[in-house]
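Take the sequence shown: its letters are residues 5 to 594, numbered as in my numbering. The beta carbon of each residue, even a glycine, is placed where N, CA and C say it ideally should be. A short worksheet on the structure shown next.
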Amino acid sequence: MEEEKIVQVFGSITVDELAAALNISVTTLIGELFKNGIAATINQRIDFETATIIVEELGIKAKLEKKLAAEKSVLVEKHQLSDAAVARPPIVAIMGHVDHGKTTLLDTLLHKKTVETEAGGITQHISAYQIRHNDRPITFLDTPGHEAFAALRQHSATLTDIVVLVVAADDGVKPQTAEAIKFAQSANADIIVAINKIDKEAADVNRVMAQLATDQGLNPEEWGGKTIMVPVSAKTGEGLDKLLDMIFLTADIDDLRADVDIPAEGLVIESHMEIGKGSIANLLVEQGNLKQGDYVIAGKAYGKVRTMANYKGEVMQLAGPSTPVTITGFKELPNFGDRFNVVKNEKTAKKLAEQAAIAIEKEMAITNVTGSDMLKMISEKHDVKDFNVVVKTDVLGSLTSVVDSLRLIDTKGEVNLHVIGTGVGNITENDIRLAAGENTVVYGFNVELTPSIKRLATRHDVEVNLFKVIYELLDDAKAHMEQLMAPEVIETEIGELAVKGVFRTIKEEIIAGGEVTKGKVSPGVVAKVFRKKDEIAEVEVSSVQHEKQQVQSAVEGETCGLALKTKKKVILEIGDRLVFVTREIKQKKL
5 MEEEKIVQVF
15 GSITVDELAA
25 ALNISVTTLI
35 GELFKNGIAA
45 TINQRIDFET
55 ATIIVEELGI
65 KAKLEKKLAA
75 EKSVLVEKHQ
85 LSDAAVARPP
95 IVAIMGHVDH
105 GKTTLLDTLL
115 HKKTVETEAG
125 GITQHISAYQ
135 IRHNDRPITF
145 LDTPGHEAFA
155 ALRQHSATLT
165 DIVVLVVAAD
175 DGVKPQTAEA
185 IKFAQSANAD
195 IIVAINKIDK
205 EAADVNRVMA
215 QLATDQGLNP
225 EEWGGKTIMV
235 PVSAKTGEGL
245 DKLLDMIFLT
255 ADIDDLRADV
265 DIPAEGLVIE
275 SHMEIGKGSI
285 ANLLVEQGNL
295 KQGDYVIAGK
305 AYGKVRTMAN
315 YKGEVMQLAG
325 PSTPVTITGF
335 KELPNFGDRF
345 NVVKNEKTAK
355 KLAEQAAIAI
365 EKEMAITNVT
375 GSDMLKMISE
385 KHDVKDFNVV
395 VKTDVLGSLT
405 SVVDSLRLID
415 TKGEVNLHVI
425 GTGVGNITEN
435 DIRLAAGENT
445 VVYGFNVELT
455 PSIKRLATRH
465 DVEVNLFKVI
475 YELLDDAKAH
485 MEQLMAPEVI
495 ETEIGELAVK
505 GVFRTIKEEI
515 IAGGEVTKGK
525 VSPGVVAKVF
535 RKKDEIAEVE
545 VSSVQHEKQQ
555 VQSAVEGETC
565 GLALKTKKKV
575 ILEIGDRLVF
585 VTREIKQKKL
């Protein structure tokens, strides 16, 4: 069986690069683009969406994956460790399938109830915490388990040294379990398995270990393998001390180190806007010490650290390696996944931000072929309906997840979804005006709709739907797209009749008789007229007679007379066959 090829794309890719990655000729790729109405040259760039569409059109067994911004080359180079590097705390991502107890496990470690603040008890963002065990610090990242947050989980894996894979002992390996393993392995992070919910009656630790060993290649240490697996109960706390001990043992073996006497650098975990505070960024320091008053640059965003706090909201003056912090001071929102660096002054920060902005604009300018171009061409060729959305979320990571998930909704080519506007923060007047058109919905995820904006939406007849759980938002979008899809006609064959006589034929009616050879015939059904093997017409049964009496049906073996309605003149002949069908119009489901 041919193995699926993985092609990683950051933002856009040239026609030449994509052809090479797919192992096809450039001529073949250009030809396929041309067939879809796109005239592209070898050096033109196509965006991720277009590349995905063209791979599907070619029928190639390949999957395209988006590279994160953090993986792209940056204007300030990543620091290389010196001989003076000191030991640092491990960074641990808690990952696994939705509802397997990741957040509950972390809550027990933190002695707090964050799960109650999350909609539906499901983590909707990356959350970062730092605790101490045996007087040693350890940084935890909690990630969403829902499939829509794949970008967040991939981002989380790239940030970490160790992935704690939480698998429910009563449920076993699930899709997001396997995905988390893939992310951890691609990021070269160590994997420790926490087999959770051992307090449950249906718990079967050995079954989970066997699944991981057989299906995922994670062989437990107890069975002679290399993967540490710790049975735990997030509810009772059983096994958590051992889990923490195993994390530090793994960290000590890896000899995790960082330089401290250098300008701080690290990654943007998340960012959002907050009234009264402006741009809020959650950062993870990797090297150096971040201090209040430092000038920071992250992509095209820069600023001065005005305030800095830990996950509890407590003010911090200094944050060392492996420490998650929340800062204010960026002049605009840094992107989810951007690398940040501390520079010597505002002039340098501004200059680097401008260079980054120019580089981004240049890349956008040379992305000659976009997914919207391709979708427009396909729409024009196949009369495809359009569904437009404006998406506003509380944080950038969620924006990425919501938009990516919306674009993955498959309507078998019947409806094209266009994201016509996005942003972080509450829904605004501009969002409403942008959405004032047919088949357009404004989606808000963990944001608010003020009374004045609600009135404006009502005036402009704009639909605004707010959600706190991502799968509810996606279900709503699917429902809207289903309404735009052409309904499905379900045809059921109920009987057949052999025509024995034709008594009268006029423009809109035929009177005929025959024998029911299969099933039954009733007034109101459709009759398909077959002459030998060919269907020559369709008529409607208006009445049925048996022994000169009007009847509700005639069944197999009976002879009957039929009055048939036609929309155009049909010549029925003795020996023709009538096939009776009922038709039900059903709305398609995604």
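Name the DSSP beta bridge partners of Pro-141, please?
Sequence index remark: in the sequence shown, residue 141 carries index 137 (1-based). BP columns for Pro-141 point to Arg-136.
Beta-bridge partners of Thr-496, as assigned by DSSP:
Residue mapping note: residue 496 aligns to position 492 of the sequence shown, counting from 1. Answer by DSSP bridge pairing, in chain order: Thr-586.
Measure the C-alpha to C-alpha separation of Val-329 and Val-90 and round it to an integer number of angstroms.
Taking the first residue of the sequence shown as position 1, residue 329 is located at position 325. Taking the first residue of the sequence shown as position 1, residue 90 is located at position 86. Computed Cα separation, rounded: 20 Å.
Just the Cα atoms here: how many angstroms apart are Ala-206 and Asp-175?
Counting from 1 along the sequence shown, the entry for residue 206 is found at position 202. Counting from 1 along the sequence shown, the entry for residue 175 is found at position 171. Taking the straight line joining both Cα atoms gives about 8 Å.
Short of 8 Å in beta carbon distance, which residues of its chain neighbour Ser-77, apart from the five on each side in sequence? Order them along the chain.
Taking the sequence shown and counting its residues from 1, the one referred to as residue 77 is at position 73. In this prediction, Ser-77 has a pLDDT of 38, which is less than 50 and means its spatial position is unreliable; what the coordinates show is noted afterwards. No residues qualify anywhere along the chain.
Should Lys-571 be listed as close to the ligand GDP, given that the test is whether its C-beta is under 7 Å from any heavy atom?
Summarising the ligand content, the structure contains no ligands, and the ligand GDP is consequently not present.
Compute the Euclidean distance between the alpha carbons of Ile-301 and Asp-20, then round it to the nearest angstrom.
Taking the sequence shown and counting its residues from 1, the one referred to as residue 301 is at position 297. Taking the sequence shown and counting its residues from 1, the one referred to as residue 20 is at position 16. The straight-line gap from Cα to Cα measures roughly 33 Å.
Hey, Ser-16 and Ala-23: beta-carbon distance below 8 Å or not?
Mapped onto the sequence shown, residue 16 falls at position 12. Mapped onto the sequence shown, residue 23 falls at position 19. No; because the gap between Cβ atoms is not below 8 Å, this pair is not in contact.
In this structure, does DSSP put Asp-580 in helix, strand or coil?
Reading the sequence shown from its first residue, position 576 is the one you call residue 580. The answer is coil: DSSP assigns Asp-580 none of H, G, I, E or B.
Assign Glu-384 to one of two classes, buried (16 or more other C-beta atoms within 10 Å of its C-beta) or exposed (fewer than that).
If you number the sequence shown from 1, residue 384 lands on position 380. Because Glu-384 sits at a pLDDT of 49, beneath the cut-off of 50, its placement in the model cannot be relied upon, and the following sentence gives the value as read from the coordinates. Classification for Glu-384: exposed.
To which residues of the same chain is Leu-294 closer than 6 Å at the C-beta, ignoring the five residues directly before and after it?
Here residue 294 refers to the residue found at position 290 when the sequence shown is read from its first residue. Same-chain partners within the cutoff: Ala-268, Ala-323.
Spatial distance of Ile-42 from Met-489 (CA atoms):
As a position in the sequence shown, residue 42 is number 38, starting the count at 1. As a position in the sequence shown, residue 489 is number 485, starting the count at 1. Answer to the nearest angstrom: the Cα atoms are 26 Å apart.
Let me know the secondary structure DSSP gives Ile-436 once reduced to three states.
Here residue 436 refers to the residue found at position 432 when the sequence shown is read from its first residue. In the structure shown, Ile-436 sits in a helix (DSSP, three-state: H, G or I).
Following the continuous beta strand (DSSP E) through Ser-200, name the residue where it begins and the one where it ends.
In the sequence shown, the residue the question calls residue 200 occupies position 196. Reading off the sequence shown, one finds Asn at residue 200, where the question assumed Ser. Taken as a continuous stretch (DSSP letters only), the beta strand (DSSP E) holding Asn-200 covers 194–200.
Bounding residues of the alpha helix (DSSP H) (the contiguous stretch that carries Leu-478):
Reading the sequence shown from its first residue, position 474 is the one you call residue 478. Per DSSP, Leu-478 belongs to the alpha helix (DSSP H) from 474–488.
May I have the straight-line CA-CA distance separating Gly-292 from Asn-339, to the nearest angstrom?
What you label residue 292 is simply residue 288 of the sequence shown in a count that begins at 1. What you label residue 339 is simply residue 335 of the sequence shown in a count that begins at 1. Approximately 21 Å, taken between the alpha carbons.
Take the Cβ of Phe-507 as the centre, count every other Cβ of all protein chains shown within 10 Å, and call the residue buried at 16 or more, exposed below.
Residue 507 sits at position 503 when you count from the first residue of the sequence shown. Answer is exposed; the Cβ neighbour count stays below 16.
Taking the alpha-carbon positions, what's the Val-197 to Leu-109 distance?
Position 193 of the sequence shown, counted from the start, is the residue given in the question as residue 197. Position 105 of the sequence shown, counted from the start, is the residue given in the question as residue 109. Whole-angstrom Cα-Cα distance: 13 Å.
Is Phe-340 helix, strand or coil when you go by DSSP?
Sequence index remark: in the sequence shown, residue 340 carries index 336 (1-based). DSSP places Phe-340 in coil when its eight states are reduced to three.
Does the pairing of the segment 562–570 with the segment 467–484 give three or more beta-carbon distances under 8 Å?
no
Excluding the 5 residues flanking Ile-540 on each side, which residues of the same chain have their C-beta closer than 6 Å to its C-beta?
For the purposes of this step, residue 540 is identified with residue 536 of the sequence shown, where counting begins at 1. For Ile-540, where only same-chain residues beyond five positions count, the Cβ hits under 6 Å are Val-533.
Quick one: using the 10 Å Cβ neighbour count with 16 as the cut-off for buried, is Glu-588 buried or exposed?
Indexing the sequence shown from 1 puts residue 588 at position 584. Per the 10 Å Cβ criterion, exposed.
Helix, strand or coil at Gly-292 according to DSSP, with G and I counted as helix:
Numbered from 1 along the sequence shown, position 288 holds the residue referred to as residue 292. It is coil, neither helix nor strand.
How long is the line joining the alpha carbons of Ser-283 and Thr-45, rounded to whole angstroms?
For the purposes of this step, residue 283 is identified with residue 279 of the sequence shown, where counting begins at 1. For the purposes of this step, residue 45 is identified with residue 41 of the sequence shown, where counting begins at 1. The straight-line gap from Cα to Cα measures roughly 41 Å.
Cβ of Ala-461 within 8 Å of Cβ of Val-393?
Here the question's residue 461 lines up with position 457 in the sequence shown. Here the question's residue 393 lines up with position 389 in the sequence shown. Cβ distance not < 8 Å, so Ala-461 and Val-393 don't count as in contact.
Endpoints, the alpha helix (DSSP H) within which Ala-25 is located:
Here residue 25 refers to the residue found at position 21 of the sequence shown. Start and end: 19–26.
I need the DSSP call for Thr-415, collapsed to helix, strand or coil.
Residue numbering aside, residue 415 sits at position 411 when the sequence shown is read from its first letter. The answer is coil: DSSP assigns Thr-415 none of H, G, I, E or B.
In this structure, does DSSP put Met-312 in helix, strand or coil?
Taking the sequence shown and counting its residues from 1, one reaches residue 312 at position 308. In the structure shown, Met-312 sits in a strand (DSSP, three-state: E or B).
Confirm, please, whether the CB-CB distance from Thr-454 to Asn-430 is below 8 Å.
To locate residue 430, count along the sequence shown from 1; it is residue 426. To locate residue 454, count along the sequence shown from 1; it is residue 450. Yes, they are a contact pair.
Reducing DSSP to helix, strand and coil, say where Asn-210 ends up.
Reading the sequence shown from its first residue, position 206 is the one you call residue 210. Three-state result, Asn-210: helix.
Tell me where the beta strand (DSSP E) around Ile-49 begins and ends.
Within the sequence shown, residue 49 is the residue found at index 45, counting from 1. In the sequence as displayed, the identity of residue 49 is Arg instead of Ile. Taken as a continuous stretch (DSSP letters only), the beta strand (DSSP E) holding Arg-49 covers 49–51.
May I have the straight-line CA-CA distance separating His-276 from Glu-290, to the nearest angstrom?
By one-based count along the sequence shown, residue 276 stands at place 272. By one-based count along the sequence shown, residue 290 stands at place 286. Approximately 21 Å between the Cα atoms of the pair.
Beta-carbon within less than 7 Å of Asp-580's beta-carbon, same chain only, minus the 5 sequence neighbours each way: which residues are those?
Translated into the one-based positions of the sequence shown, residue 580 becomes position 576. Cβ within range, chain order: Val-503, Val-533, Phe-534, Arg-535.
Within 8 Å, strictly: CB atoms of Lys-396 and Gly-441
Within the sequence shown, the letter at position 392 stands for residue 396. Within the sequence shown, the letter at position 437 stands for residue 441. For Lys-396 and Gly-441, no; Cβs fall outside 8 Å.
My output table needs one value for Lys-592: the three-state DSSP class, helix, strand or coil.
Looking up residue 592 in the sequence shown gives position 588. In the structure shown, Lys-592 sits in coil (DSSP, three-state: anything other than H, G, I, E or B).
Let me make sure I understand the geometry here. Which of Gly-401, Gly-341, Thr-327, Glu-36 has the alpha-carbon closest to that of Gly-303?
As a first step, residue 303 must be located in the sequence shown, where it is residue number 299. Residue Gly-341 is the option with its Cα nearest to Gly-303.
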